[in-house]
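Numbering (this note's numbering), first residue to last: 334 to 705. Single-structure report; data block below.
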Amino acid sequence: MNVPLLDLKAQYETIRNEIDAAVKEVFESQYFILGPKVKEFEEQVAEYVGAGYAIGCASGTDALLLALMAIDIQPGDEVITSPYTFFATGGSIARLGAKIVFCDIKPDTYNMNPSLLEHLITDRTKAIIPVHLFGLMAEMDKINAIAAKKNIPVIEDAAQAIGSSSPFGKAGVAGTIGCFSFFPSKNLGAAGDGGMVTTNNENLAEKLRILRVHGSKPKYYHHVVGINSRLDALQAAILQVKLRYLDAWSEERRENALTYNRLFSDLTDADMVTTPVIPEGYGHIFNQYVIRVKNRDDLKDYLKDKGIGSEIYYPVPLHLQDCFKELGCKKGDMPESEKAADTTLALPVYPELTDEMQKYVVETIRTFYRET
Ligand SMILES: *Cc1c(COP(=O)(O)O)cnc(C)c1O
Numbered sequence: 334m335n336v337p338l339l340d341l342k343a344q345y346e347t348i349r350n351e352i353d354a355a356v357k358e359v360f361e362s363q364y365f366i367l368g369p370k371v372k373e374f375e376e377q378v379a380e381y382v383g384a385g386y387a388i389g390c391a392s393g394t395d396a397l398l399l400a401l402m403a404i405d406i407q408p409g410d411e412v413i414t415s416p417y418t419f420f421a422t423g424g425s426i427a428r429l430g431a432k433i434v435f436c437d438i439k440p441d442t443y444n445m446n447p448s449l450l451e452h453l454i455t456d457r458t459k460a461i462i463p464v465h466l467f468g469l470m471a472e473m474d475k476i477n478a479i480a481a482k483k484n485i486p487v488i489e490d491a492a493q494a495i496g497s498s499s500p501f502g503k504a505g506v507a508g509t510i511g512c513f514s515f516f517p518s519k520n521l522g523a524a525g526d527g528g529m530v531t532t533n534n535e536n537l538a539e540k541l542r543i544l545r546v547h548g549s550k551p552k553y554y555h556h557v558v559g560i561n562s563r564l565d566a567l568q569a570a571i572l573q574v575k576l577r578y579l580d581a582w583s584e585e586r587r588e589n590a591l592t593y594n595r596l597f598s599d600l601t602d603a604d605m606v607t608t609p610v611i612p613e614g615y616g617h618i619f620n621q622y623v624i625r626v627k628n629r630d631d632l633k634d635y636l637k638d639k640g641i642g643s644e645i646y647y648p649v650p651l652h653l654q655d656c657f658k659e660l661g662c663k664k665g666d667m668p669e670s671e672k673a674a675d676t677t678l679a680l681p682v683y684p685e686l687t688d689e690m691q692k693y694v695v696e697t698i699r700t701f702y703r704e705t
């Protein structure tokens, strides 16, 4: 049996007619950058997330960059984030010349540990970026409370978390600005790159809209230097179709995750596998189903031999990346992130995954531990 990590062809099969019609409509209009389709999609995302404003842009990375630009992050400013995340979270901070300050994660949720946050705040802290990793929201109540004492804006890296919820609100409206990615492997994936910024603050929304078009308003008049980062109409048309299925897809991912958790119970009892947790009141959207395992690298190779796709998110935490070495971090500084980087493995959890496939994945892992 072959079980890929993700099967976008299987997804396309289920919505081919609608996607093809949406693409054709954009081609008939020959209106490609921003325009009515993008505006319509922005309104739909704003409503879906529960935000006052949604501003489309070219990627999740740009969403983070635009958010930091909108709150006027300058060289020398400090921005606190998690070291256990995709590179873009830290990259966007560094691109503006700001200093990344790392806050280690909690071992059970892989999200920023709020109890380590307060003592990292200095007079130069100008933003905090919690990441809702793998589709589970960070503890925004605690993070917001600490940020509010010093009036520090909180930018959610919700790239993996569209539709994710918590007792303290939905991803994208639980902080000052929310950043989403429509990279094809996210729960809501485009046919290319795409991103979105959400906020309830009208001033910030206006700034974001100006910053994404080179800082111009009106056209050809520039009071600030922005960037070129627009969502295009083809992506918006495709994403509009997919948004209608998003909740059903995320529900299927959640069911698959719970099935895995059940199937793994003997291995978790034997301490070979640690399955992901869903804290009380949180709605996890399982962009990734990530387990912690013994002999991770050997297991990954073994699964590959048996036709099963898996991935390491992420093998090198940001504080140990070469390009950030001037920050002076060393191994041991962020112990939980380093442990996660060494022991975690993402398994296939996409909505079209069948029961037989899941049983095969778990049985193969069971055999691996029996043989080793
Ligand atoms: C995907 C992702 C991004 C970047 O999104 P792109 O659309 O690929 O630029 C940022 N942060 C996290 C946590 C991500 O998973």
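Virtual Cβ for every residue (Gly too), placed ideally from N, Cα, C.
For the putative contact between residue i and residue j, defined by C-beta atoms under 8 angstroms, what is the C-beta separation to the nearest angstrom?
i	j	result
arginine 563	arginine 545	6 angstroms
leucine 521	histidine 617	Actually they do not touch by this definition, with Cβ atoms about 16 angstroms apart.
tyrosine 622	tyrosine 593	6 angstroms
Looking only at C-alpha atoms, which of the options sits nearest to residue i?
i	options	result
lysine 664	Glu539, Arg428 and Asp437	Asp437
glycine 322	Pro408, Gly548 and Ala523	Nothing in the structure corresponds to residue 322, since the chain is present only between 334 and 705.
asparagine 536	Leu632, Glu588, Tyr386 and Phe420	Tyr386
glutamate 361	Ala566, Asp340 and Lys519	Ala566
glycine 409	Thr422, Glu472 and Ala427	Ala427
isoleucine 433	Lys658, Thr687, Ala538 and Thr700	Lys658
glycine 295	Val530, Lys540 and Ile611	What is shown of the chain runs 334 to 705, which leaves residue 295 out entirely.
phenylalanine 516	Gly508, Ala491 and Val506	Ala491
tyrosine 417	Ser670, Lys692 and Ile352	Ser670
alanine 379	Asn534, Glu451 and Thr422	Asn534
threonine 666	Asn628, Ser392, Ile645 and Ser415	Rather than threonine, the amino acid found at residue 666 in this sequence is aspartate. Per the Cα distances, Ser415.
cysteine 656	Phe365, Leu453 and Ala421	Ala421
glutamate 351	Thr394, Lys575 and Asp395	Lys575
What are the residues that DSSP puts in a beta bridge with residue i?
i	result
isoleucine 278	The structure shown has nothing for residue 278, since the chain only spans 334 to 705.
tyrosine 622	Leu680
phenylalanine 435	Thr414
asparagine 561	Val546
lysine 503	Ser498
phenylalanine 513	Met529
aspartate 490	Val464 and Cys512
alanine 590	In DSSP, alanine 590 forms no bridge with anything.
Is residue i near ligand 1, with its Cβ less than 7 angstroms from a heavy atom?
i	result
serine 514	yes
serine 392	yes
glutamine 493	yes
threonine 531	no
valine 623	no
threonine 418	yes
valine 610	no
aspartate 526	yes
aspartate 666	no
aspartate 748	The first residue shown for the chain is 334 and the last is 705, placing residue 748 beyond what the model contains.
valine 649	no
aspartate 490	yes
Between the alpha carbons of residue i and residue j, how many angstroms are there, rounded?
i	j	result
cysteine 662	histidine 652	6 angstroms
aspartate 675	serine 583	27 angstroms
alanine 581	histidine 555	43 angstroms
proline 337	serine 499	30 angstroms
valine 371	alanine 570	8 angstroms
isoleucine 479	glycine 502	17 angstroms
arginine 412	glutamate 704	Contrary to the premise, residue 412 reads as valine rather than arginine in this sequence. Computed Cα separation, rounded: 46 angstroms.
leucine 450	alanine 355	45 angstroms
glycine 430	leucine 401	11 angstroms
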